[in-house]
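Peer 1:
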Amino acid sequence: MEIITGGVTAAKGFKAVGICAGIKKGKKDMAMIASEAPCTVAGTFTTNIVKAAPVKWDREIVTNSESVQAVVVNSGVANACTGEEGYGYCKDTAQVAAELLGIQTDAVLVASTGVIGRQLPMDKITEGVKCMVPLLLPTIEAGSSAAEAIMTTDTVKKEIAVTVPIGGKTVTVGGMCKGAGMIHPNMCTMLSFVTTDACISKEMLQKALSAIVKDSYNMISVDGDTSTNDTALVLANGMAGNKMIDEEGEDYQNFYQALEYVSIYLAKQMAGDGEGATALFEVKVIGAESKEQAVILSKSIITSNLTKAAIFGHDANWGRILCAMGYSGAQFDPEKVDLFFESAAGRLQIIENGVALDYSEEEATKILSEKAVTAIADVKMGTYSATAWGCDLTYEYVKINADYRS
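If you want my numbering, it's the position in the sequence shown, counting the first as 1, plus 242.
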């Protein structure tokens, strides 16, 4: 596998665009992805009972449409809690795009992010779609423009692309995502769009995505809030020319590894760009007796507000980590736990068998002052492990969310 420059336009046959449609003042706020050829599609969605209209539309398309060919995304208005009118606007958006692209309405996916409870400004959405279709391009810049247009409180656009040899052909997998707040995916506000020119059946594509979200998007948290709009979509147009991947085997595993890499990269980008964050906080739980135990423990640590505040203060307050493990619901012996902190500045063991070592607070602070910090907890019960990603909790997070709407 090779990492290359690009995002959703890296794979053959995909075009994209991002524009300012006037939904948000002076910022790009609409994006479109389109494929030259029909695509098989897979998707995972929020488990929040309150689901945005685009989630309902896309679930129907992913489940029942034979193929898709385009995605229309807007930023600024989430189209959540908008009733039948909001769902109708999804259809209206898809219909306008379909007519201009010469495809069926049920071949168009839609996604929205932004403020909950407001109806889409359909005059701007419609004009935005009409503006975007002639501007669609297969360039790296066009993909990057789309990644910028889906941002809300994100501080950086998030995109990645890789190539992998499959059956003698070079297959490309590229993606973009947005997410900085209301991030606690349980799918499987975050949106992820991945494109690939791999030839793969719908069944195997969905199988791969459903498995991968468990170790990527579902292992991140910024603030513990599961959005109404969480959506991850993968479109595969088959233009790489590889033999159809319709069963498990070497080709499927190679594709799986590429999609997994892209998904984990995008997930970590969201965690590290959490609202107000100054550091990516990674937690590895090792030596667990089961994968489930490791997942529960690692996610409990990254969602602990006290632990997140300690990371912001570069404070090796290990008691908060052990405490978060203790109330997670997973059973373990706290008197067997070893804990380490690690970053680009070094690695330091903090506790052994549940008791503090005579470590240097100065060295610990140095390690915790990096842009990416890892805590490693060894529970010494087995061979399973899990990794979760979050961020520190800062003053700026409260400021952003105190006046997000007003």
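Every residue gets a Cβ at the ideal spot worked out from N, C-alpha and C, and that includes glycine.
Quantities reported herein were computed from a predicted structural model and do not represent experimental measurements.
Helix or strand or just coil, what does DSSP make of Gln361?
Peer 2: One-based indexing of the sequence shown puts residue 361 at position 119. Coil at Gln361, not helix or strand.
Peer 1: When you compare only the Cα positions, how much space is there between Ala519 and Asp634?
Peer 2: Within the sequence shown, the letter at position 277 stands for residue 519. Within the sequence shown, the letter at position 392 stands for residue 634. Their Cα atoms are separated by approximately 6 angstroms.
Peer 1: Apply the 10 Å Cβ neighbour rule to Tyr569 and answer buried if 16 or more other Cβ atoms are within range, or exposed otherwise.
Peer 2: Stepping through the sequence shown from its first residue, residue 569 is reached at position 327. The residue is exposed, with fewer than 16 neighbouring Cβ atoms inside 10 Å.
Peer 1: Measuring straight from C-alpha to C-alpha, what distance separates Thr545 and Leu342?
Peer 2: Residue mapping note: residue 545 aligns to position 303 of the sequence shown, counting from 1. Residue mapping note: residue 342 aligns to position 100 of the sequence shown, counting from 1. About 45 angstroms.
Peer 1: State the DSSP-derived secondary structure class of Phe256, mapped to helix, strand or coil.
Peer 2: By one-based count along the sequence shown, residue 256 stands at place 14. Reduced to three states, the DSSP call for Phe256 is strand.
Peer 1: Quick one: what does DSSP say Phe650 is sitting in, helix, strand or coil?
Peer 2: Nothing about residue 650 can be reported from this structure: the residues present for the chain run from 243 to 648 only.
Peer 1: Is Leu379 helix, strand or coil by DSSP?
Peer 2: Working through the sequence shown from its first residue, we reach residue 379 at position 137. Note: Leu379 maps to strand in three-state DSSP.
Peer 1: Does the contact criterion of 3 or more C-beta pairs under 8 angstroms hold for the stretch 610-625 versus the stretch 515-534?
Peer 2: Result yes; three or more Cβ-Cβ pairs closer than 8 angstroms.
Peer 1: Gly285 to Lys267, Cα distance in whole Å?
Peer 2: One-based indexing of the sequence shown puts residue 285 at position 43. One-based indexing of the sequence shown puts residue 267 at position 25. Taking the straight line joining both Cα atoms gives about 31 angstroms.
Peer 1: Quick one, are the C-beta atoms of Ala258 and Ile275 less than 9 angstroms apart?
Peer 2: In the sequence shown, counting from the first residue as 1, residue 258 sits at position 16. In the sequence shown, counting from the first residue as 1, residue 275 sits at position 33. Contact flag set, yes.
Peer 1: Beta strand (DSSP E) containing Gly632: first to last residue?
Peer 2: Translated into positions along the sequence shown, residue 632 becomes position 390. Its beta strand (DSSP E) spans residues Tyr626 to Cys633.
Peer 1: Taking the alpha carbon of Lys533 as the reference point, which residue from Val621, Gly328 and Ser585 has its own alpha carbon closest?
Peer 2: To locate residue 533, count along the sequence shown from 1; it is residue 291. Residue Val621 is the option with its Cα nearest to Lys533.
Peer 1: Going by DSSP, name the residue or residues bridged to Met274.
Peer 2: Numbered from its first residue, the sequence shown carries residue 274 at position 32. Met274 is bridged to Val259 and Val314.
Peer 1: Can you tell me whether Leu477 is buried or exposed, with buried defined as 16 or more other CB within 10 angstroms of its CB?
Peer 2: Taking the sequence shown and counting its residues from 1, the one referred to as residue 477 is at position 235. Per the 10 Å Cβ criterion, buried.
Peer 1: Look up Gly423 in the DSSP assignment and say whether it is helix, strand or coil.
Peer 2: Taking the first residue of the sequence shown as position 1, residue 423 is located at position 181. DSSP places Gly423 in coil when its eight states are reduced to three.
Peer 1: Note down, in chain order, each residue of its chain lying with its Cβ closer than 8 angstroms to the Cβ of Val404, except the 5 sequence neighbours on either side.
Peer 2: As a working mapping, residue 404 is identified with position 162 in the sequence shown. Here the set comprises Met243, Glu244, Ile245, Ile246, Thr414, Val415, Gly416, Ala500, Tyr503 and Val504.
Peer 1: What do you get for Asp300, buried or exposed, if any count of 16 or more other CB atoms within 10 angstroms of its CB means buried?
Peer 2: Taking the sequence shown and counting its residues from 1, the one referred to as residue 300 is at position 58. Buried: at least 16 other Cβ atoms inside 10 Å.
Peer 1: The beta strand (DSSP E) spanning Val404 covers which residue range?
Peer 2: Counting from one through the sequence shown, the residue named residue 404 turns up at place 162. Lys400 to Ile408 is the span of the beta strand (DSSP E), which, as asked, contains Val404.
Peer 1: Going by DSSP, what residue range makes up the beta strand (DSSP E) through Asp620?
Peer 2: As a first step, residue 620 is located in the sequence shown; it is residue number 378 there, counting from the start. Counting along the chain, the beta strand (DSSP E) containing Asp620 begins and ends at Ala614 to Asp620.
Peer 1: Return the CA-CA distance between Lys613 and Thr437, expressed in angstroms with no decimal places.
Peer 2: If you number the sequence shown from 1, residue 613 lands on position 371. If you number the sequence shown from 1, residue 437 lands on position 195. For Lys613 and Thr437, the distance between alpha carbons rounds to 30 angstroms.
Peer 1: If we call anything under 9 angstroms between Cβ atoms a contact, is Pro280 one with Glu302?
Peer 2: Position 38 of the sequence shown, counted from the start, is the residue given in the question as residue 280. Position 60 of the sequence shown, counted from the start, is the residue given in the question as residue 302. No, these two residues do not count as a Cβ contact at 9 angstroms.
Peer 1: Report yes or no: do three or more beta-carbon pairs, one from the stretch 486-500 and one from the stretch 577-593, lie closer than 8 angstroms?
Peer 2: No: the two stretches stay apart, fewer than three of their Cβ pairs being nearer than 8 angstroms.
Peer 1: Please look up how many angstroms separate the CB atoms of Ala263 and Gly385, rounded, as I've assumed it's under 8 angstroms.
Peer 2: Your numbering for residue 263 matches position 21 in the sequence shown. Your numbering for residue 385 matches position 143 in the sequence shown. With a Cβ gap of about 18 angstroms, Ala263 and Gly385 do not count as contacting.
Peer 1: Between which two residues does the beta strand (DSSP E) harbouring Ile487 extend?
Peer 2: Within the sequence shown, the letter at position 245 stands for residue 487. First-last for Ile487: undefined, no H or E at that position.
Peer 1: Taking all protein chains shown into account, do 16 or more other C-beta atoms lie within 10 angstroms of the C-beta of Leu433, making it buried, or fewer, making it exposed?
Peer 2: The count along the sequence shown starts at 1 and reaches residue 433 at position 191. By the 10 Å Cβ count, Leu433 comes out buried.
Peer 1: Please report the straight-line C-alpha distance between Val357 and Ala509, rounded to a whole angstrom.
Peer 2: Taking the sequence shown and counting its residues from 1, the one referred to as residue 357 is at position 115. Taking the sequence shown and counting its residues from 1, the one referred to as residue 509 is at position 267. So the two alpha carbons sit approximately 22 angstroms from each other.
Peer 1: Going by Cα to Cα distance, which pick from Leu377, Ser540 and Ser387 is closest to Ser458?
Peer 2: Numbered from its first residue, the sequence shown carries residue 458 at position 216. Per the Cα distances, Ser540.
Peer 1: From Asp600 to Lys608, what distance separates their C-alpha atoms?
Peer 2: Numbered from 1 along the sequence shown, position 358 holds the residue referred to as residue 600. Numbered from 1 along the sequence shown, position 366 holds the residue referred to as residue 608. In a straight line, the C-alpha of Asp600 is about 16 angstroms away from that of Lys608.
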